[in-house]
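Beneath this line is the structure, given in structure tokens, with notes to follow.
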Amino acid sequence: MSTSLHHRAVEHLGTRIVDGSLPPGHVMLAEQLEDELQVSRSVIREAVRVLQSLGLVETTKRVGIKVLPAHRWNPFDPLVIRWRLAGEGRGAQLRSLAELRSAVEPVAAELAAVNAPQELRQELLDVALAMRDAGKAGDVPRFLELDIQFHSLLLSGSGNEMFANLVGQVAETLTGRTVHGLMPDRPRDLTLQWHLDVAEAIFGGHAAEAREASSRIMRRTISEMEPVWVEQPRVFVPLQRRTQSA
16 MSTSLHHRAV EHLGTRIVDG SLPPGHVMLA EQLEDELQVS RSVIREAVRV
66 LQSLGLVETT KRVGIKVLPA HRWNPFDPLV IRWRLAGEGR GAQLRSLAEL
116 RSAVEPVAAE LAAVNAPQEL RQELLDVALA MRDAGKAGDV PRFLELDIQF
166 HSLLLSGSGN EMFANLVGQV AETLTGRTVH GLMPDRPRDL TLQWHLDVAE
216 AIFGGHAAEA REASSRIMRR TISEMEPVWV EQPRVFVPLQ RRTQSA
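Just so we're aligned, residue 16 is where the sequence shown starts under our numbering, counting upward by one.
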């Protein structure tokens with residue numbers, strides 16, 4: 016029960032902060048949250064710790080729990096991504112993720128063609144073939160599962176541990192687009208073929224072809240999604256400038 020209450024408190028506060036219902040600078044008191052959510056002080060403390068780790072709040076003695084601005088949030092955390100995708104900032108979040116993926120995934124595909132173990136190459140090819148079948152059959156849940164697996168294998172197969180740690184972010188992106196009706200009912204035949212092109216190029220060790228096929232997927236994704244974010248403002252993060260010692 017405590018785990019369920021903790022999860023509910025995190026979701027309740029996190030979504031309200033991200034959607035702007037609790038604006039930057041807003042101060043909350045633990046006792047008020049206890050009454051509002053009907054939970055114990057320990058549940059509130061644990062929920063606040065999670066929100067602090069995400070950069071959403073900070074606590075100050077004799078002041079309370081202060082909501083922080085968006086540029087302080089951890090933009091890579093899957094929870095923050097999911098909450099942003101569920102709110103009015105969906106377009107901006109999709110744009111940021113699409114631009115990140117377009118910078119990373121083609122390079123990851125190129126590296127995977129050079130570095131991936133043979134068993135991973137085979138698995139990626141098998142998944143691409145299964146994606147084609149699920150897409151043509153209109154099996155959306157199965158296609159989503161395979162799509163996440165495909166891009167996770169692609170990032171992992173690069174042999175770059177920092178790329179591999181973007182798996183959670185990509186999974187939230189693909190899930191969010193599906194949940195919020197931003198994916199076609201049936202994937203386009205050309206998109207299915209491009210995924211297969213990536214897998215075949217990686218399987219055959221053709222680095223340039225793998226990179227180009229992955230780039231095609233991301234260019235199409237950005238072209239299709241651009242209307243969703245065209246009016247959304249960007250988040251400009253203030254630089255932390257280092258001071259030089261005398």
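No residue lacks a Cβ here, since even glycine has one placed at the ideal position from N, Cα and C.
Just so you know, these numbers come straight off a predicted model, no measurement behind them.
Non-local beta-carbon contacts of residue 84 in its own chain, meaning distances under 7 Å to residues more than five positions away in sequence, involve 39 in chain order. With respect to the 8 Å criterion, residue 121 and residue 43 are not classified as neighbours on the basis of their beta carbons. With distances taken between CA atoms, residue 18 lies nearest to 65 out of 35, 50, 65 and 45. For the set 23, 157, 87 and 148, the Cα lying nearest the Cα of residue 61 is the one of 23. Contact between residue 209 and residue 228 holds, since their C-beta atoms are separated by about 6 Å, short of 8 Å. Straight-line spacing of the CA atoms in residue 194 and residue 254 works out to 35 Å.
The beta carbons of residue 135 and residue 168 sit about 6 Å from each other, so the pair counts as a contact at 8 Å. Scanning its chain for C-beta atoms nearer than 7 Å, with the 5 sequence neighbours on each side dropped, one finds around residue 98 the residues 29, 30 and 33, in chain order. Per the coordinates, the alpha-carbon of residue 111 lies some 11 Å from the alpha-carbon of residue 118. Of 26, 155, 164 and 187, the smallest CA-CA separation from residue 93 is found for 187.
Each residue's CA atom was taken as its position, placing residue 191 and residue 199 some 13 Å apart. For the 8 Å CB-CB criterion, residue 173 and residue 130 form a contact. At a Cβ-Cβ threshold of 8 Å, residue 41 and residue 78 do not count as neighbours. In the DSSP assignment, residue 125 falls within the alpha helix (DSSP H) that extends over 105 to 130. Pairing residue 124 with residue 217 gives a Cβ-Cβ distance under 8 Å.
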